[in-house]
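Asker: Numbering (the working numbering), first residue to last: 1011 to 1158. Note that the Cβ used here is the ideal one computed from N, Cα and C, for glycine as well. From a predicted model like this one, the values you see are computed outputs, not experimental measurements.
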């Protein structure tokens, strides 16, 4: 019996422990089991933004970008003030070449957390790819200032 089987996360466990279990499964590349774990949390606790976010990040990891985007959007609707949710959604949009939406979500992440270094970096990348070199230059200046 391996370590993960010994964890014995029971049905009566709360959403945090069940989410942690899903993250552990994700970390050891047991993606199908991780999906089941996150889905159990979503089914039992439909207002758990963490479960939607974790499932979304798992879907991104395995290449299901559209599904990942839907799940992260649901997570944002449940909890509007977490910068990393917007950042992760923007990363997917950037990967899908949806630069204008990525820019909006990076900007929202930065409204929530104005010292989010990676947010400024990726915002600059998205702005540059969206042919707005002046805005990209400004974002990269903020990025460099925060890096110091």
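#1: What's the C-alpha gap between residue 1057 and residue 1088?
#2: Tell me the rounded alpha-carbon separation between residue 991 and residue 1143.
#3: Using the C-alpha atoms, what's the distance from residue 1114 back to residue 1053?
#4: How would you write the range of the alpha helix (DSSP H) that residue 1059 sits in, first residue to last?
#5: Roughly how many whole angstroms lie between the Cα atoms of residue 1091 and residue 1122?
#6: Please classify residue 1163: does DSSP put it in a helix, a strand, or coil?
#7: With distance defined between alpha-carbon atoms, name the residue in 1125, 1141, 1093, 1116 nearest to residue 1158.
#8: Give the secondary structure of residue 1083 by DSSP, where H, G and I count as helix, E and B as strand, and everything else as coil.
#9: Just how far apart, CA to CA, sit residue 1110 and residue 1103?
#10: What did DSSP end up calling residue 1108 once you bin it into helix, strand or coil?
#11: Would you mind working out which of 1117, 1127, 1135, 1128 sits nearest residue 1107, comparing C-alpha positions?
#12: Relative to the alpha-carbon of residue 1129, which residue among 1155, 1039, 1097, 1147 has its alpha-carbon at the smallest distance?
#13: Can you tell me whether residue 1028 is buried or exposed? The criterion is at least 16 other CB atoms within 10 Å of its CB, across all chains shown.
Answerer: Here's the rundown:
#1: 6 Å
#2: Outside the displayed range of the chain (1011 to 1158) lies residue 991, so it cannot be described from this structure.
#3: 30 Å
#4: 1059 to 1071
#5: 6 Å
#6: With the chain covering only 1011 through 1158, there is no way to say anything about residue 1163.
#7: 1125
#8: helix
#9: 9 Å
#10: coil
#11: 1135
#12: 1097
#13: buried
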